[in-house]
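Visitor: If you count the sequence shown from 1, position 93 lands on 93 in full-length UniProt numbering, and the numbers rise without skipping.
C-beta: ideal position from N, C-alpha, C; glycine also.
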Amino acid sequence: MIRGSRVHIGLLASIFLINGVLCSVEEACHSFAGGSVYPHTSGVETVDHKLQHSKAVISKQAPYWESIAVVNGEMTELKLTDYRGKYLVLFFYPLDFTFVCPTEILAFNDRIQEFRDLNTEVVGCSVDSQFTHLAWMNTPRKEGGLGPLNIPLLSDLTHKISKDYGVYLDDVGHALRGLFIIDHKGVLRQITMNDLHVGRSVDETLRLVQAFQYTDKHGEVCPAGWKPGQDTIIPDPVKKKQFFAKQDLKQKKKTAKKN
């Protein structure tokens with residue numbers, strides 16, 4: 001009887017031990033993409049993130065980079081200067097084979113022609129190796145993969161690029177969702193940075209490229225929410241009044257119609 005009780009207790013102890021190990025593994029997987037992936041569902045506080053000092057400064061030359069990328073299914077060396085003469089959208093994402101990341105990559109990929117019509121290219125970058133990028137591209141979309149891509153995925157295995165652009169999270173070992181618009185002269189024009197939980201907007205990125213290119217060509221400035229075809233502002237203390245007078249007239253007409 002005593003022997004049977006010992007066996008029973010031993011089995012219970014083994015079960016508790018296995019459950020403890022499984023829970024630890026599950027928690028580790030849950031935290032893999034940067035602290036708690038969805039803190040509100042787990043009650044676990046997000047890790048205190050530590051960003052690297054950024055070398056990326058608006059209106060200055062973008063930090064130079066070169067590394068191996070997967071381009072059209074082939075591994076090849078890619079560098080920033082390959083895009084001189086064009087606008088470049090460089091976006092960082094946390095990790096391959098995750099959750100929000102494939103939706104962003106595919107969103108940019110599937111609309112790449114709209115960017116190319118603006119003489120603009122798009123490059124995605126993460127801390128994964130080129131081999132992991134390729135494996136992800138060889139995984140069907142229906143299984144969370146990417147399938148064949150029309151945009152390059154850059155490997156930042158040494159983390160140098162992510163650190164230079166100030167998006168690297170030192171405590172978890174991967175990047176935030178940073179997006180950088182670099183113009184045809186290699187000058188950094190815009191920075192967007194999201195926390196891990198929320199993806200970025202292709203529409204807004206296109207709008208920003210269009211706005212910067214308009215200012216490059218015409219020398220006028222674009223008001224909030226500007227889209228091609230809308231009014232712009234002449235950056236002159238007197239001439240700017242043309243824009244504001246026009247907007248005031250439009251607002252009065254709208255008010256009159258409502259009444």
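So Tyr214 is in the beta strand (DSSP E); what residue range does that whole segment cover?
Guide: It is not in any beta strand (DSSP E) - Tyr214 instead sits in the alpha helix (DSSP H) that spans Val202 to His218.
Visitor: Between the alpha carbons of Pro235 and Phe91, how many angstroms are there, rounded?
Guide: Straight-line Cα distance between these residues: approximately 31 Å.
Visitor: Is the separation between the beta-carbon of Trp136 and that of Phe180 shorter than 8 Å?
Guide: No, Cβ-Cβ distance for Trp136 and Phe180 is not below 8 Å.
Visitor: For Gly145, which beta-bridge partners are listed by DSSP?
Guide: Bridge partners of Gly145: none, in fact.
Visitor: Only counting the same chain, and skipping five residues up and downstream in sequence, which positions put a Cβ closer than 7 Å to that of Tyr64?
Guide: Answer for Tyr64: Leu80, listed in chain order.
Visitor: Return the chain-ordered list of same chain residues with a C-beta closer than 7 Å to the C-beta of Leu208, the five sequence neighbours on each side being excluded.
Guide: Excluding positions up to five away in sequence, the list reads Ile181 and Gln190.
Visitor: Return the CA-CA distance between Gly225 and Lys258, expressed in angstroms with no decimal places.
Guide: Cα-Cα distance, rounded: 23 Å.
Visitor: What's the call for Thr255, buried or exposed, on a 16-neighbour Cβ count within 10 Å?
Guide: Result: exposed.
Visitor: Does the stretch 128–143 come close enough to the stretch 158–166 that 3 or more CB-CB pairs lie under 8 Å?
Guide: No, because fewer than three Cβ pairs between the stretch 158–166 and the stretch 128–143 fall closer than 8 Å, the two stretches do not touch.
Visitor: Hey, Leu154 and Ser59: beta-carbon distance below 8 Å or not?
Guide: Cβ atoms of Leu154 and Ser59: not closer than 8 Å.
Visitor: In three-state terms, what does DSSP make of Val89?
Guide: Correct three-state label for Val89: strand.
Visitor: Using only the alpha-carbon positions, how far apart do Leu176 and Asp170 sit?
Guide: Cα to Cα, the separation comes out at about 11 Å.
Visitor: Can you grab the Cα-Cα spacing for the pair Leu206 / Pro223, in whole Å?
Guide: Between Leu206 and Pro223, the C-alpha separation is close to 16 Å.
Visitor: If you reduce the DSSP assignment to three classes, tell me which class Gln230 lands in.
Guide: Residue state, collapsed to three classes: coil.
Visitor: Would you say Val127 and Leu157 are within 8 Å of each other, going by their C-beta atoms?
Guide: Going by C-beta atoms, Val127 is nearer than 8 Å to Leu157.
Visitor: Under 8 Å Cβ to Cβ from Thr120, same chain only, skipping five residues before and after it: list those, please.
Guide: So the qualifying residues of the chain are Lys86, Tyr87, Leu88, Val89 and Val209.
Visitor: Cα separation between Gly43 and Val198?
Guide: Confidence at Gly43 is low in this model, with a pLDDT of 36, below 50, so its placement is unreliable and no value can be given for it.
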